[in-house]
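In our numbering, the protein residues as written are 52 to 125.
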């Protein structure tokens with residue numbers, strides 16, 4: 052199965068996302084570049100790697116899917 056990606060707009064310039072992070076984006080967010088799993092994070096509309104704020108790490112695909120449903124990220 053491919054990697055999941057969920058998102059929803061929370062304001063005009065901020066998107067709440069659940070997905071794996073690239074090494075570059077993880078490093079820019081202050082995480083180990085080899086951090087694995089899914090992450091709940093906010094991303095600004097500019098879309099640049101340094102505009103990501105990680106809120107939580109999610110350790111399984113099932114948990115990522117269930118959290119996305121709880122947050123209304125259909």
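Even for Gly, the Cβ is constructed at its ideal location relative to N, Cα and C.
Note that this is a predicted model, so its numbers are computed, not measured.
Separation of residue j from residue i, as counted between CA atoms
i: residue 119; j: residue 74; result: 22 Å
i: residue 85; j: residue 72; result: 9 Å
i: residue 116; j: residue 54; result: 11 Å
6 Å CB neighbourhood of residue i in its chain, flanking five on each side removed
i: residue 107; result: 91
i: residue 59; result: 67 and 124
i: residue 113; result: none
i: residue 57; result: 69, 119 and 124
Bridge partners - residue i, DSSP secondary structure assignment
i: residue 94; result: 66 and 103
i: residue 119; result: In DSSP, residue 119 forms no bridge with anything.
i: residue 78; result: Beta-bridge pairing links residue 78 to no other residue.
i: residue 73; result: According to DSSP, residue 73 bridges with nothing at all.
Close-in-space but distant-in-sequence residues of the same chain around residue i (CB under 7 Å, 5 per side omitted)
i: residue 64; result: 95 and 96
Cutoff 8 Å; reference residue i; Cβ partners in own chain excluding five residues on either side
i: residue 93; result: 61, 65, 66, 67, 68, 103, 104 and 106
i: residue 87; result: 71
Chain C within 9 Å of residue i, Cβ atoms only
i: residue 112; result: Judged by its chain identifiers, the structure shown contains no chain C, having just a single protein chain.
Can at least three beta-carbon pairs, one atom from the segment 60 to 69 and one from the segment 77 to 84, be found at a separation below 8 Å?
no
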